[in-house]
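Protein chains in written order, with the numbering used here: chain A, 1 to 504; chain B, 1 to 189. Note that the Cβ used here is the ideal one computed from N, Cα and C, for glycine as well. Remember, it's a predicted structure, so these values are computed and weren't measured experimentally.
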Amino acid sequence: MDPNLKEYEEVLSDIVGKILTAKPDIEADARFVAKLRDELMNKKIKNKLNIFSMNKIPFIAVGATAAVAVVIVVSVSLVSGRLPVNKLTGLITQKTTSDSVIQLSANAFGSLGIPSDSGSQRSALAEEGALTADAAIAPSVGFGGGGAPANSGSMMKIGEDMAISPIYYQPYQFKYTGGDFVIASGEMPVYRLALNETIGRTMARLLSGASAEFVDLSKFKNAGVRSMHISQENGFNIYMNLDQGRISLDSSRPYLMTDTVMRCDGPDCGGYEPEEYPQLPETQLISIADRFLSEYGISKTVYGQPFAEVDSMGDRFGFYYAPRLQTVVYPLSFDSKDVYESGGQASGMRVLIDAVDSEVRSVNEILNPIFEKSNYEMETDFNRIIKIVENGGMWGGYYGAMEAGETLEVGAPEYVYLHQYDYSQSDGIVRELYVPALKFPILNAEGKNIYQDSVVVPLAKEMLDNYEIQNDVPMPEPYFMKGEEGSGEVMPMDAMVESSPSAQ
Amino acid sequence: MLSNESDLIRESQEGGNEAFGELYDEYIQKIYKFVYFKTHHKEVAEDLTSKAFIKAFEKIKSYDSRKASFSTWLYGIARNTVIDYYRTKKLNINVEDVWDLPAKNGLLEDVDNRMKLEEVGKHLKTLDVGQREIIIMRVWDDLSYKEIAQIMNKSEANCRMMYMRAVGKLKENVPFAVYVALLLNNLKN
Numbered sequence: 001m002d003p004n005l006k007e008y009e010e011v012l013s014d015i016v017g018k019i020l021t022a023k024p025d026i027e028a029d030a031r032f033v034a035k036l037r038d039e040l041m042n043k044k045i046k047n048k049l050n051i052f053s054m055n056k057i058p059f060i061a062v063g064a065t066a067a068v069a070v071v072i073v074v075s076v077s078l079v080s081g082r083l084p085v086n087k088l089t090g091l092i093t094q095k096t097t098s099d100s101v102i103q104l105s106a107n108a109f110g111s112l113g114i115p116s117d118s119g120s121q122r123s124a125l126a127e128e129g130a131l132t133a134d135a136a137i138a139p140s141v142g143f144g145g146g147g148a149p150a151n152s153g154s155m156m157k158i159g160e161d162m163a164i165s166p167i168y169y170q171p172y173q174f175k176y177t178g179g180d181f182v183i184a185s186g187e188m189p190v191y192r193l194a195l196n197e198t199i200g201r202t203m204a205r206l207l208s209g210a211s212a213e214f215v216d217l218s219k220f221k222n223a224g225v226r227s228m229h230i231s232q233e234n235g236f237n238i239y240m241n242l243d244q245g246r247i248s249l250d251s252s253r254p255y256l257m258t259d260t261v262m263r264c265d266g267p268d269c270g271g272y273e274p275e276e277y278p279q280l281p282e283t284q285l286i287s288i289a290d291r292f293l294s295e296y297g298i299s300k301t302v303y304g305q306p307f308a309e310v311d312s313m314g315d316r317f318g319f320y321y322a323p324r325l326q327t328v329v330y331p332l333s334f335d336s337k338d339v340y341e342s343g344g345q346a347s348g349m350r351v352l353i354d355a356v357d358s359e360v361r362s363v364n365e366i367l368n369p370i371f372e373k374s375n376y377e378m379e380t381d382f383n384r385i386i387k388i389v390e391n392g393g394m395w396g397g398y399y400g401a402m403e404a405g406e407t408l409e410v411g412a413p414e415y416v417y418l419h420q421y422d423y424s425q426s427d428g429i430v431r432e433l434y435v436p437a438l439k440f441p442i443l444n445a446e447g448k449n450i451y452q453d454s455v456v457v458p459l460a461k462e463m464l465d466n467y468e469i470q471n472d473v474p475m476p477e478p479y480f481m482k483g484e485e486g487s488g489e490v491m492p493m494d495a496m497v498e499s500s501p502s503a504q
Numbered sequence: 001m002l003s004n005e006s007d008l009i010r011e012s013q014e015g016g017n018e019a020f021g022e023l024y025d026e027y028i029q030k031i032y033k034f035v036y037f038k039t040h041h042k043e044v045a046e047d048l049t050s051k052a053f054i055k056a057f058e059k060i061k062s063y064d065s066r067k068a069s070f071s072t073w074l075y076g077i078a079r080n081t082v083i084d085y086y087r088t089k090k091l092n093i094n095v096e097d098v099w100d101l102p103a104k105n106g107l108l109e110d111v112d113n114r115m116k117l118e119e120v121g122k123h124l125k126t127l128d129v130g131q132r133e134i135i136i137m138r139v140w141d142d143l144s145y146k147e148i149a150q151i152m153n154k155s156e157a158n159c160r161m162m163y164m165r166a167v168g169k170l171k172e173n174v175p176f177a178v179y180v181a182l183l184l185n186n187l188k189n
């Protein structure tokens, strides 16, 4: 090493560690990726949907009957006032059966399996051989769920005597401090979004009856509309994922980007955006959201009590700031029990309200309110559930503890439903299940590096069985950064410095 | 890079939607991350990534493989989309990415990454936008000098010169300058 650099070795190591570990470990959201892909593909199809290219219209075989579904995308520009959007969304969310819940026989959904990401962190580490006595995990993103092991291209291999990671997070320990709890029943209903009852087929019939000028849609038997994008001038974009039974609305007004104002350096520009936004009171936010949903005929029948969503961790650490778009959550609810994601966040419809003008900007996860339900066997051994809770839940490692042995206390549970995706290899369709679960609150989250405020464990016996079979791995030890760039090959610090022109 | 990328590009240029879909599958995560590193906000990054791919889709016929690789072309579109985004904000300063913004800027920013990004930002903000871009593209986006030069519409030599100037500018922050020097000289092309 260049003697001139030697004195900076320690500081250099620290900065190297900081910039490498500061790389946000992010992935594009799978739903966003799929939605954009659909949009791109649909643009293409829309352009090609003419009599001269009919042979390229994609057909999709469905089931043994080889029924054909045609992916039809219709972009309709609604001139405001000519076609009332509230009627349209009313049509979209209308019930297609007299009951919003369809009772099926027991175990009708087949195997419940376990969440695909369950134990992934620990499993991955086990595969990499990282779960050894001297190995551990360094989260590449600091908080909540611990992030993935930082073993990708951003890591730097260093000499054995030199560690460059500035922060080592330890996995939290979990301890159940609530009392005994009796699980009420050995059999409970699992719900599933009823994809067969979505309005795709209804819309297809309407469209096929209408018959476009350039193609006779009625010729495509058993056709189903998969997605639609309706754009209202100076109003909303309405994205309808019909075969998945969900709709989202998004303001077509450019609220993130200003309309036409380009870069402005002069003194007369004015109109700068405010630096801070007011936090609207929860009652006001809910009132705005309720009014909007009512105006546009969006059903709330399958949702529980709404609440304003606040960044709980930001709030706890004092760096919370009111965002411009403030959210009201309408949690999906079955049998008066709300649905939660695995990390403890409520699952349901979200209404985003602009704090500047108190207008609704978007509504996500508007579900077609038709569900199927089927009874499944539930675990009644509470100790078995506690064992999973004290392992950090099915999704494992909550990293963020600054010291080994730091403990999160979890209290007595409440019944909820767990939202889970269920991918079927037989037909390639992702279905959404809502499984009875217990939600354990984390009692001493104050000041902890975690986003989760609870641990959610499903009760379905089959899921617990599968989890235990597939995740028979020990809890990971604290991470000692020995990662390597890319596939693992980054030069040791000494070698790096020596090969540097600056060091020669 | 996909082994059959040139075939997919040609099919896309001829109107093949599935071919473009395969290119999309290959690049969506890379482009999203590239945009995220410049915006630090999920929804904004999604919005701009969408715009970039839609532009690419619409302009695919104008792509010329003799001028640049497809990835470079795509990154270039994404970069310009981000620059356009910040330039259309009513800001009284010239901004090309989120690193240029003052601490309280009124723009959306993810809270979960903010603390870490603020830490590294203390160093990165001492560089000018071009120097900072080079570092981020090299370290986080794992791009080569050649690719960076094409994306930034500069010569490879110019990019290397920019790094030298960055080092000179960072005299007062010697450890970081040393880091920059090491990083830019030693990472593989």
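Cβ separation of tyrosine 32(B) and alanine 45(B), assumed to be a contact under 8 angstroms, to the nearest whole Å: Locating residue 32(B) in the second sequence gives position 32, counting from the first residue. Locating residue 45(B) in the second sequence gives position 45, counting from the first residue. Tyrosine 32(B) to alanine 45(B), Cβ: 6 angstroms. Contact.
If we ignore side chains and look at the alpha-carbon of each, how far apart do proline 413(A) and glutamine 452(A) end up? Within the first sequence, numbered from 1, the residue matching residue 413(A) stands at position 413. Within the first sequence, numbered from 1, the residue matching residue 452(A) stands at position 452. It is roughly 15 angstroms from the alpha-carbon of proline 413(A) to the alpha-carbon of glutamine 452(A).
At a Cβ threshold of 8 angstroms, is serine 155(B) touching chain A? In the second sequence, counting from the first residue as 1, residue 155(B) sits at position 155. No, serine 155(B) does not count as interfacial toward chain A.
At what residues does the beta strand (DSSP E) containing isoleucine 442(A) begin and finish? Here residue 442(A) refers to the residue found at position 442 of the first sequence. For isoleucine 442(A), no beta strand (DSSP E) encloses it, and the DSSP letter there is neither H nor E.
Does isoleucine 60(B) get closer than 8 angstroms to chain A when you measure Cβ to Cβ? Working through the second sequence from its first residue, we reach residue 60(B) at position 60. Not one chain A Cβ lies under 8 angstroms of isoleucine 60(B).
Where does arginine 66(B) sit, in a helix, a strand or coil, going by DSSP? To locate residue 66(B), count along the second sequence from 1; it is residue 66. In this structure, arginine 66(B) counts as coil in the three-state DSSP scheme.
Where does serine 111(A) fall in DSSP's three states? Here residue 111(A) corresponds to residue number 111 of the first sequence, with the count starting at 1. Of the three classes helix, strand and coil, the one that applies to serine 111(A) here is coil, per DSSP.
Tell me the residue span of the beta strand (DSSP E) that contains aspartate 422(A). To locate residue 422(A), count along the first sequence from 1; it is residue 422. That run of the beta strand (DSSP E) goes 414–423.
Per-residue DSSP class, three states only, for glutamate 406(A): Taking the first residue of the first sequence as 1, we reach residue 406(A) at position 406. Note: glutamate 406(A) maps to coil in three-state DSSP.
Between the CA atoms of methionine 137(B) and phenylalanine 371(A) - distance to the nearest angstrom: Along the first sequence, one-based indexing puts residue 371(A) at 371. Along the second sequence, one-based indexing puts residue 137(B) at 137. Cα-Cα distance, rounded: 47 angstroms.
Isoleucine 385(A) Cβ short of 7 angstroms to the ligand GDP heavy atom set: Only the bare structure without any ligand can be found here, which leaves the ligand GDP out of the picture.
Using the Cα positions of leucine 40(A) and glycine 15(B), report the straight-line distance between them to the nearest angstrom. Here residue 40(A) refers to the residue found at position 40 of the first sequence. Here residue 15(B) refers to the residue found at position 15 of the second sequence. Leucine 40(A) and glycine 15(B): Cα-Cα distance of roughly 12 angstroms.
Is it true that the CB of valine 389(A) sits closer than 8 angstroms to the CB of valine 457(A)? Locating residue 457(A) in the first sequence gives position 457, where the first residue counts as 1. Locating residue 389(A) in the first sequence gives position 389, where the first residue counts as 1. For valine 457(A) and valine 389(A), yes; Cβs fall inside 8 angstroms.
Going straight from the alpha carbon of serine 362(A) to that of tyrosine 239(A), what length do you get? What you label residue 362(A) is simply residue 362 of the first sequence in a count that begins at 1. What you label residue 239(A) is simply residue 239 of the first sequence in a count that begins at 1. For serine 362(A) and tyrosine 239(A), the distance between alpha carbons rounds to 11 angstroms.
Do the stretch 426–438 of chain A and the stretch 177–193 of chain A touch if we need at least three Cβ pairs shorter than 8 angstroms? The stretch 426–438 of chain A makes contact with the stretch 177–193 of chain A, as at least three CB pairs between them are under 8 angstroms.
Pick helix, strand or coil for arginine 324(A), following the three-state DSSP scheme. Position 324 of the first sequence holds residue 324(A). Look at arginine 324(A) here: in three-state DSSP terms it is coil, with no helix or strand label.
Per-residue contacts from glutamine 204(B) into chain A (C-beta, under 7 angstroms): Lying outside 1 to 189, the shown extent of chain B, residue 204(B) is not represented and no answer is given.
Please report the distance separating the alpha-carbon of isoleucine 51(A) from that of phenylalanine 220(A). Reading the first sequence from its first residue, position 51 is the one you call residue 51(A). Reading the first sequence from its first residue, position 220 is the one you call residue 220(A). Low per-residue confidence applies at isoleucine 51(A): pLDDT is 24, beneath 50, and the placement is therefore not dependable, though the value from the model is reported in the following sentence. In a straight line, the C-alpha of isoleucine 51(A) is about 14 angstroms away from that of phenylalanine 220(A).
Can you list, in chain order, the residues of its chain whose CB lies under 7 angstroms from that of glutamate 156(B), leaving out five sequence neighbours each side? On the second sequence, residue 156(B) is found 156 positions in, with the first residue counted as 1. Closer than 7 angstroms at the Cβ level, and outside the excluded window around glutamate 156(B), lie Tyr145, Lys146, Ala149.
If you count every other CB in all the chains shown that lies within 10 Å of the CB of asparagine 153(B), and 16 or more means buried, which is it? As a working mapping, residue 153(B) is identified with position 153 in the second sequence. Flag for asparagine 153(B) reads exposed.
Any contact between the stretch 373–384 of chain A and the stretch 291–298 of chain A? By contact I mean 3 or more CB pairs, one from each, below 8 angstroms. Contact between the stretch 373–384 of chain A and the stretch 291–298 of chain A is absent, because fewer than three Cβ pairs lie under 8 angstroms.
Please name the residue or residues paired with isoleucine 238(A) in a DSSP beta bridge. Mapped onto the first sequence, residue 238(A) falls at position 238. Beta-bridge partners of isoleucine 238(A) (DSSP): Ile230(A), Leu249(A).
When the Cα atoms are used, what is the spatial distance from isoleucine 9(B) to leucine 23(B)? In the second sequence, residue 9(B) corresponds to position 9, counting from 1. In the second sequence, residue 23(B) corresponds to position 23, counting from 1. Put simply, the backbone Cα of isoleucine 9(B) is about 8 angstroms away from that of leucine 23(B).
Quick one: give me the first and last residue of the beta strand (DSSP E) that serine 454(A) is part of. The residue you call residue 454(A) lines up with position 454 of the first sequence. In this chain, the beta strand (DSSP E) harbouring serine 454(A) covers 454–458.
Tell me the DSSP bridge mates of glutamine 103(A)? To locate residue 103(A), count along the first sequence from 1; it is residue 103. For glutamine 103(A), which the question treats as bridged, DSSP gives the partners Lys373(A).
Contact criterion: CB-CB distance below 8 angstroms. Does phenylalanine 34(B) meet it with respect to chain A? Reading the second sequence from its first residue, position 34 is the one you call residue 34(B). Output row for phenylalanine 34(B): interface = no.
Going by C-alpha to C-alpha distance, which of Thr301(A), Asp338(A), Met378(A) sits closest to serine 347(A)? As a first step, residue 347(A) is located in the first sequence; it is residue number 347 there, counting from the start. Nearest in C-alpha terms to serine 347(A), of all of Thr301(A), Asp338(A), Met378(A), is Asp338(A).
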